[in-house]
Every structure is written in structure tokens, then in C-alpha cells.
Amino acid sequence: MRFFWTLLTITLFLFNSFVVNADGRIFVTNERSNTVSVIDAKSLTIENTIKIGERPRGIGLSPDNTELYVAVSEEDKIVVVDPNTLKILRKFEAGSDPETFGVHPNGNIYISNEDDAKATVFDPKTGEQIAEIRVGLEPEGVAVSPDGERVIVTSESTNMLHVIKTPENIIESNILVGSRPRAAVFNNSGDIAYATAEISGEVVKVDVRKAKIIKTGTTGDAKSKPKDIILSKDENVIYVAGGRANKVIVMDADSLEIIKGIPVGKRVWGLAMSGDGGRIFTTNGVSGTISVIDTIKNEVIKTIEVGKFPWGVVVRED
Amino acid sequence: MLIKNIRFLLIIVILVSFNLNAEIIEVNFVYIGHEEHPALLGIKQGIDESNLQGQFLNQKYNLEIISENKIQKHNFTKYIAILTTVKSNELKSLAKELTNIPIFNLTDESNELRVNCITNILHITPSNKMKADALKQWQTKIPDSKANPQSWHYSFKKFAARDLNKRFKKNYKTNMDDYSWAGWAAVKMTSDTVARTKIISAKNMLNYLKTKLSFDGQKGSDMNFRVTGQLRQLILLVEDNKVIAEAPIRGIAKPPTLESLGILNCSK
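Chains as they are written, first to last, in numbering that gives the first Met the number 0: chain A, 0 to 317; chain B, 0 to 267.
#1: Using 8 Å as the limit for Cβ to Cβ distance, is B/S213 near chain A?
#2: Taking the C-alpha atoms as reference points, what is the distance between B/Q58 and B/E25?
#3: With distances taken between CB atoms, is the gap from A/N187 to A/E137 smaller than 8 Å?
#4: To which residues of the same chain is A/I51 closer than 8 Å at the C-beta, ignoring the five residues directly before and after it?
#5: Less than 8 Å between CB atoms is the rule here; does A/N105 satisfy it with respect to chain B?
#6: Measure from the alpha carbon of A/S231 to the alpha carbon of each residue in A/S273, A/G269 and A/N173, then state which is nearest.
#7: Under 8 Å between C-beta atoms, does A/E113 make it to chain B?
#8: Can you pull the chain A neighbours of B/E48, defined as C-beta to C-beta under 8 Å?
#9: Against B/R231, what residues of chain A qualify as contacts under a CB-to-CB distance less than 9 Å, listed in chain order?
#10: Can you say whether B/I100 is buried or exposed, counting buried as having 16 or more other CB atoms within 10 angstroms of its CB?
#11: Buried or exposed: A/A221, going by 16 or more other Cβ atoms within 10 Å of its Cβ?
#12: Let's see if you can read the secondary structure: which residues bound the alpha helix (DSSP H) around B/W137?
#13: Does DSSP put A/S286 in a helix, a strand or coil?
#14: I want to verify the contact list: residues of chain A whose CB lies under 7 Å from the CB of B/L208, in sequence order.
#15: With H, G and I counted as helix, E and B as strand and the rest as coil, what does DSSP make of B/G219?
#16: Report yes or no: is there a C-beta of chain B within less than 8 Å of the C-beta of A/N173?
#17: Closest to A/Q128 by C-alpha separation, out of A/E201, A/I198 and A/K76, would be which residue?
#18: Please confirm if the region 274-282 of chain A is in contact with the region 304-315 of chain A, defined as three or more CB-CB distances below 8 Å between the two stretches.
#19: Give the interface partners of A/I198 over in chain B, defined as CB-CB distance under 7 Å, in chain order.
#20: How big is the Cα-Cα spacing for A/G135 and A/L175?
#21: Should A/N20 go down as buried or exposed, given a rule of 16 or more other Cβ atoms within 10 Å for buried?
#22: Looking at the C-beta of A/R179, does it have a partner C-beta in chain B at a distance below 8 Å?
#23: Within 8 Å (strictly less), CB to CB, does A/A337 reach chain B?
#24: From A/R315 to A/D251, what distance separates their C-alpha atoms?
#25: Flag this pair as yes or no: are the beta carbons of A/A210 and A/A194 separated by less than 8 Å?
#26: With contact counted as at least three CB pairs below 8 Å, one residue from each stretch, are the region 185-204 of chain B and the region 255-265 of chain B in contact?
#27: Closest by CA to B/I64, which one among B/N170, B/V85, B/F28 and B/M175?
#28: Please go through the region 182-262 of chain A and give each complete beta strand (DSSP E) segment of 3 or more residues, from N-terminal end onward.
#29: Just checking: is the beta-carbon of B/A353 within a distance shorter than 8 Å of some beta-carbon in chain A?
#30: For a minimum of 3 consecutive residues, which ranges assigned as the beta strand (DSSP E) are wholly contained in the region 55-119 of chain A?
#31: Along the region 48-65 of chain B, where does the CB come closer than 8 Å to a CB of chain D? Name the residues.
#32: Below 6 Å CB to CB, which residues in the same chain sit around A/S144 once its five sequence neighbours on both sides are set aside?
#33: Do we get a CB-CB distance below 8 Å when we pair B/R225 with the residues of chain A?
#34: May I ask you to report which of helix, strand or coil DSSP gives B/L235?
#35: Per DSSP, what are the beta-bridge partners of A/K164 in this structure?
#36: Name the residues in the region 150-179 of chain B whose C-beta lies less than 9 Å from a C-beta of chain A; which are they?
This is the structure:
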């Protein structure tokens with residue numbers, strides 16, 4: 000029996016190392032350097048830096064991984080980059096002050112327009128606006144369910160999760176949560192979502208179809224202003240960027256109890272996970288670094304210096 | 000495709016019938032003061048934002064304006080809260096008259112009003128003592144500082160203050176100042192409470208605001224009231240039209256740092 004477990008551990012370890020070392024790149028927006036840092040996923044070193052435009056924040060990939068999208072907020076545009084050649088392919092107007100966005104499985108982009116109390120839907124191939132959805136004040140986080148049936152937009156100053164039905168692009172429900180909801184994530188089947196509330200220092204778990212809060216947990220630190228949130232591949236654990244608490248808070252996805260706080264750099268905001276779930280990358284705004292977390296040990300294994308105020312991060316694996 | 004269309008139609012039918020059936024909650028505020036006062040612009044901004052939230056929750060927020068000399072004969076029973084810029088003496092007599100309704104003090108900074116701990120007055124504007132304490136903390140670093148302690152400033156960007164400043168300026172073509180922030184905050188904390196608790200009685204609102212409030216005033220930590228009726232808040236130190244520091248000053252004020260500013264207790 001013991002032999003079996005040892006074997007399993009070794010196998011998992013080898014498998015893990017293999018997948019993590021797969022070729023790929025990590026892209027990071029640097030809000031105050033106006034650049035995107037390109038990190039080689041194998042060596043975890045900076046490979047290149049792209050001059051992208053003013054105040055880059057949200058970042059994402061097309062479903063087929065062939066295009067990289069970057070929201071340049073001050074220019075009111077989305078910049079499209081070839082993630083292989085790192086050449087800027089085109090730009091398109093994306094409404095007032097685009098901040099974060101989510102990419103739908105059909106390729107469309109759902110953008111929160113912070114200044115305008117609306118979410119807009121764009122086809123990035125043509126740059127054409129497909130829909131506009133009135134939401135609350137200071138819309139911020141955007142989450143797309145894996146099946147593409149629903150999109151959640153959080154509005155920070157209206158304290159709501161707006162659940163949008165696709166492809167109709169109409170609001171299905173509004174869920175009132177704690178103060179200043181910042182980010183959300185769906186589970187794999189799309190019936191549950193988790194969201195962070197910055198000022199109340201909370202994480203809420205909601206039943207998306209019933210539009211009801213199932214559970215509320217706290218990040219347990221007065222300094223923590225939770226921002227980004229991601230779910231582990233097995234859906235057992237959520238990771239929350241703790242903002243000025245300077246740590247990533249690991250919580251049980253069921254009970255919302257804190258399992259661990261992983262110290263990272265200062266003012267941690269953005270989170271992204273490798274395809275196999277073995278690594279988490281965090282943007283540490285004030286430190287100007289990226290922390291690489293091993294999710295088996297739940298420890299930082301490397302810190303990479305990037306530009307000024309890194310904001311968003313996305314992983315592309317070949 | 001047909002199934003998709005039917006589903007789409009069903010959703011519309013459900014939404015429409017929901018809207019027809021849902022009862023709209025009407026919430027009324029009253030402002031007592033001059034119509035030209037900047038506090039009123041903040042109040043209007045707050046009402047607009049509350050209605051933006053209210054449209055998703057079937058709540059409608061209204062504002063009435065009455066001048067100081069019309070108070071006597073006015074019926075105040077329909078209001079959730081009173082927002083006012085009147086001075087200390089008028090404020091006191093108003094509070095004596097209308098004991099079961101929150102009265103938001105948007106402008107008067109007198110320390111005396113705080114130590115009196117009048118149960119139904121909520122001071123959004125910081126007291127003189129709060130401001131003096133804020134400046135004192137700063138002067139331990141720069142003794143000859145000429146900074147002005149303020150509750151708000153149009154150049155403030157942190158904690159999404161940038162967003163509030165931007166939308167206020169867009170609507171009223173003028174910068175948000177301390178008084179307009181106070182007006183905005185008073186309305187917003189009340190409508191947030193209505194949204195969360197469905198409280199629509201003034202008496203219950205007063206109780207909730209004084210004991211359970213956790214408000215995002217777009218200047219950092221969640222806000223609530225002291226026993227004195229004073230809103231806990233950070234104070235901005237402004238010099239040459241720029242925010243140069245935020246009190247409580249980090250490293251100088253002892254935790255709980257917000258309590259290093261102003262009056263904490265009532266006079267016996």
C-alpha cells in the first residue's frame with residue numbers, strides 16, 4: 000500500500016513537472032510602464048517587453064490561443080497582439096475606460112466600461128460592438144462561465160453581481176453582495192460563482208441560477224482588500240489575491256474557511272493559473288513583481304521583476 | 000434554433016411579468032438649506048447613483064428641498080432622513096423636534112455638537128478636533144507644514160476616489176468638495192442600507208446607521224459612526240491643490256489608527 004502511494008506521488012510529481020515545463024508564455028500588463036512583460040514559462044525569466052499603450056490593465060487570450068488582447072484604459076482601446084511573434088496586429092475602440100474583460104468561448108469579448116456604468120460586447124475579429132448592457136456604477140470584474148451560457152459583471156459602487164444571459168445579452172438577475180465587488184469566477188459547470196468584495200473583505204459563493212448567496216467567508220485580515228479570485232482545477236480550493244495584505248489567501252471552496260495565507264509581493268491583484276493547475280502567477284503592483292506559486296506546496300518558488308504596477312496576468316501554453 | 004428562440008421569449012415574458020408584479024419601494028429624502036450650497040450637488044449625485052442601483056431592485060429615491068424658514072409647519076413623517084447644512088443651534092432644535100429620524104449634519108464642524116452626543120444627529124463632516132489632530136500628526140514629520148486638513152479633494156485618486164470625482168465633474172461641471180462629498184455620502188449610505196436591509200422606517204434606519212453600518216465612502220476603509228455621531232474617516236492633507244498625505248499618518252498614529260482623530264467620548 001505504501002509502495003503504491005509512493006509510486007503515485009512520484010508519478011504525479013513527474014507528470015506535474017512535465018506539464019509545468021511545457022512551452023509557453025506568461026503575459027503581464029504593467030499599468031504604469033505602459034508595457035506587457037513576456038515571461039518564458041519554462042525558464043521563468045523575462046523574454047521580451049512589448050510597448051502596448053496607455054494604462055494597460057485587463058489581459059486575455061482568444062479561445063484558440065492565437066490572439067492576445069490587452070485593454071489600454073487611457074486610450075479606450077483593445078490592442079490585439081500575436082502571442083507568437085509579439086507583433087501588434089491591430090487595435091479597436093472598446094468604449095470608455097475599458098478595464099477588465101472576459102473572453103467568451105465563441106470568441107467575443109465582454110468588457111466592463113468603468114466610467115460608463117455599462118458592459119459592452121465586442122467581436123475582436125472585426126472590432127465591432129455587438130451589444131451594450133446597462134449595469135451598476137464602476138463595473139469591474141468580468142467572468143464568463145465555461146459553457147458560455149452566462150457572464151457575470153461586478154459593479155463596485157452598486158455592490159452587485161449582474162448575471163447576464165448569453166447570447167441574448169440581457170441581465171437575468173442582480174445579486175447584492177458586500178461592498179465593492181471586484182472579481183468573480185464560475186465553477187466548471189457554471190452553476191456556482193465566487194466573488195470578492197474589497198471593502199467588506201469578503202468572499203461570497205452564489206448559486207447563479209437562483210441568484211442567491213450560499214455562503215460568505217472573510218479573508219481574515221483587516222488589511223486585506225481582496226481582488227482577483229480563481230478556482231483550482233479540482234474545484235476544491237479558491238485562491239484570492241489579498242491586495243495590501245500582501246498574500247494570496249487559500250480557501251476551502253466549500254466552507255470558505257481559510258486554509259493558508261501565502262506571502263507574495265506588495266499589493267497583489269491579478270492571478271492566473273497554468274493549464275495543469277500546478278502554478279499560480281500573481282501580479283504584485285507595488286513591488287513590481289510576479290510571484291510564482293507551486294500549488295502542491297502552496298509556496299512561492301520564484302519572484303520575477305516586471306514593469307511598474309503589474310496589473311493583469313494570463314498564461315498561454317502551446 | 001427554435002428552442003433557443005422559445006427560451007429567449009420565455010425569459011422576456013418572465014422578466015416583463017416580474018416587473019409588473021414587483022412593487023416599487025419609494026424612499027424620500029429631504030434637504031434643508033440653500034439651493035446654491037455645494038452639498039446639494041453631492042446630494043443630487045447620491046440620489047442619481049441610488050436610483051441607478053434602485054432600478055435593479057425596484058427602489059426609487061426622491062429628494063425634496065425646503066428652506067430653513069419653512070421647517071416649522073412641514074410634515075416630516077414621510078422621509079427616511081434629513082440632510083442639512085444649517086448651523087449648530089438650528090441643528091439642535093431640529094433634532095429635539097424630530098427625534099426618530101436620522102439628521103445628517105453636512106457642514107457644521109463644532110466640537111461641542113460631538114461631545115453632546117445628540118442621538119439622532121449623524122455628523123458626516125469631520126469635527127474641528129479631527130482636522131486639528133490630522134494636521135498635528137503631519138506636523139511631527141514637517142513642523143512648518145501649511146497643509147489644509149480636508150475630508151475630500153478633487154485630486155484624490157486612491158480607493159476609487161478618482162471614479163467618484165470623475166463622474167461628479169461630468170455631471171455638475173465643477174469639482175467635488177468636502178460638502179458635496181458629505182451630501183453624496185449621506186444619501187449613499189442610506190440607500191445602501193435600504194438596498195441591503197429593506198429598512199424603510201426612519202427610526203430603524205437611524206438605529207442601523209448608528210450600530211451596523213459598513214459603508215464604502217470611496218476613501219478607503221469601511222465607514223461607521225462613533226457614539227458621538229461622528230463618521231469615522233481619514234482626513235486628507237492638502238497643499239497647493241494636491242493631496243500630500245492621509246491622516247491617520249502611517250507610523251505615527253497608533254492602532255486603531257482612525258481613533259487618533261477627533262473626539263471619542265460623550266461629555267457626562
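The beta carbon of each residue, even a glycine, is placed where N, CA and C say it ideally should be.
Per the coordinate set shown:
#1: Judged by the 8 Å Cβ criterion, B/S213 is in contact with chain A.
#2: Using only the alpha carbons, I get a separation of about 6 Å.
#3: The answer is no: Cβ separation not under 8 Å.
#4: Only T28, N33, T34, V35, V69, V71, V78, V80 and I87 meet the Cβ criterion.
#5: So no, A/N105 is outside the interface.
#6: Per the Cα distances, A/S273.
#7: At least one chain B Cβ lies under 8 Å of A/E113.
#8: Going along chain A in sequence order, the residues near B/E48 (Cβ under 8 Å) are L136, S156 and T157.
#9: Taking the beta carbon of B/R231 as reference, no residue of chain A falls within 9 Å; the closest one sits roughly 14 Å away.
#10: Using a 10 angstroms sphere on the CB of B/I100, the tally of other CB atoms reaches 16 or more, which defines it as buried.
#11: Result: exposed.
#12: That run of the alpha helix (DSSP H) goes N127 to Q138.
#13: A/S286 falls in the coil class under three-state DSSP.
#14: Those do not exist, as B/L208 stays about 15 Å from chain A at its closest Cβ, beyond 7 Å.
#15: Coil.
#16: Judged by the 8 Å Cβ criterion, A/N173 is in contact with chain B.
#17: Ranked by Cα distance from A/Q128, the options A/E201, A/I198 and A/K76 are led by A/K76.
#18: The region 274-282 of chain A is in contact with the region 304-315 of chain A.
#19: In chain order: D215 and D221.
#20: Here the C-alpha atom of A/G135 lies approximately 11 Å from the C-alpha atom of A/L175.
#21: Below a pLDDT of 50, predicted positions are generally treated as unreliable, and A/N20, at 42, falls in that range; no measurement from the model is reported.
#22: So, interface residue.
#23: One cannot answer for residue 337 of chain A here, as it falls past the ends of chain A, which runs 0 to 317.
#24: Approximately 27 Å between the Cα atoms of the pair.
#25: Against a cut-off of 8 Å, the Cβ pair of A/A194 and A/A210 comes out as no contact.
#26: No: fewer than three Cβ pairs fall under 8 Å.
#27: By alpha-carbon distance to B/I64, the top candidate from B/N170, B/V85, B/F28 and B/M175 is B/F28.
#28: The DSSP assignment places complete beta strand (DSSP E) segments of no fewer than 3 residues inside the region 182-262 of chain A at 191-196, 201-206, 211-217, 228-230, 236-240, 246-251 and 257-262, in order along the chain.
#29: Since the first and last residues shown for chain B are 0 and 267, residue 353 of chain B lies out of range.
#30: Counting only runs of 3 or more, we get 55-60, 67-71, 76-80, 87-92, 97-102 and 108-112.
#31: Any reference to chain D falls outside this structure, whose protein chains are A and B.
#32: Counting only residues of its own chain and dropping the five nearest sequence neighbours on each side, A/S144 has a CB closer than 6 Å to the CB of F185 and G189.
#33: Closer than 8 Å to the CB of B/R225 there is not a single CB belonging to chain A.
#34: Looking at B/L235 - three-state DSSP - the assignment turns out to be strand.
#35: BP columns for A/K164 point to A/R149 and A/I169.
#36: Within the region 150-179 of chain B, the qualifying residues are F158, A159, D162, L163, K165, R166 and K169.
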